[in-house]
Amino acid sequence: MPQQVATLVIVRKATCRLYNLFKALTSKNPIVLLQAYKTYVRPLLEYGTTVFNPHKSTQKKMIEKVQNSFTRKLMIRIGGFDYNTIPNGHYRDIKFNLETLTARRRKNDLLMVWKILNQSIGLNAESFFVLAHSRTRGGSAKLRLKKARYSIRFNYFANRAGSDFLKLSKKYFTGVSLHSFKTTVDRYL
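Numbered according to the working numbering, the sequence shown spans residues -7 to 181.
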């Protein structure tokens, strides 16, 4: 299934679930509605992000549109706003303490790279990355990326997330524990 079609299917499912959520819940409490969105809608949009990560801006906008639709409906539901007076999506995300879905995908990619390199999951790091063993500061294994000759390979997980991980590791210490790495990623993004 081409990526454009897969994105459409995901967006349709998430949009239907979003509308059903607002039909089923009559609450005006934003905490309840945000928790319902995070539980029932957002997992559809974030499922398998290391494998399926759209790189075209049109596909990213389609996915972000679901979250923007949710925050718009939430502003109307909690009161005081007409459709014409609702602030833009970026302001609404800040108000409700939501990250963009693109930023969350980047964060998930970085966490997966860290888990692969630190052998926290059952994947071999050499099957994704070239590891150059080093005795210098910053760890015993340095990550090197294979040069991508085709655009499809450039957007592959190892190149996409590996290059982001290299940029992060040059600015910050990548941490020993997963929790410390998560706080580092939050600072980086």
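Think of the CB as a built atom: it goes at the ideal place given N, C-alpha and C, for glycine as much as any other residue.
* Cα separation between Ile144 and Pro46? -> Cα to Cα, the separation comes out at about 11 Å.
* Asked: For Ala28, which residues of its own chain have a beta-carbon under 7 Å away from its beta-carbon, when the five flanking residues on both sides are left out?
  -> Take Ala28, set aside five residues on each side of it, and the residues of its chain with a beta-carbon closer than 7 Å to its own are Leu13 and Leu17, in chain order.
* Report all residues from its chain with a CB closer than 6 Å to the CB of Thr92; omit the five preceding and five following residues, and keep chain order. => Excluding residues within five positions, none has a Cβ falling inside 6 Å.
* Asked: Would you say Ile70 and Pro22 are within 8 Å of each other, going by their C-beta atoms?
  -> With a cutoff of 8 Å on beta-carbon distance, Ile70 and Pro22 are scored as near each other.
* Residues that DSSP places opposite Leu135 in a beta bridge -> In the DSSP output, where bridge partners are listed per residue, Leu135 has Leu123.
* Asked: Count the other CB atoms within 10 Å of the CB of Leu10; is the residue buried (16 or more) or exposed (fewer)?
  -> When all chains shown are included, Leu10 counts as buried.
* Could you tell me how far apart the beta carbons of Leu160 and Tyr180 are, in whole angstroms, since I believe they sit closer than 8 Å? => That belief holds up - the Cβ atoms of Leu160 and Tyr180 are roughly 5 Å apart, short of 8 Å.
* Any beta-carbon of chain D closer than 8 Å to the one on Lys30? -> Going by chain labels, chain D is absent from the structure shown, which holds only one protein chain.
* Sequence-distant residues of its chain with Cβ nearer than 7 Å to Asp156 (five each side left out) -> Around Asp156: Arg98, Asp101 and Leu102.
* the stretch 46 to 57 / the stretch -7 to 5 touching (three or more Cβ pairs under 8 Å) -> With three or more CB-CB distances shorter than 8 Å, the stretch 46 to 57 counts as touching the stretch -7 to 5.
* So, do the stretch 162 to 173 and the stretch 105 to 122 have three or more beta carbon pairs nearer to each other than 8 Å? -> Per the Cβ contact rule, the stretch 162 to 173 is in contact with the stretch 105 to 122 (3 or more Cβ pairs under 8 Å).
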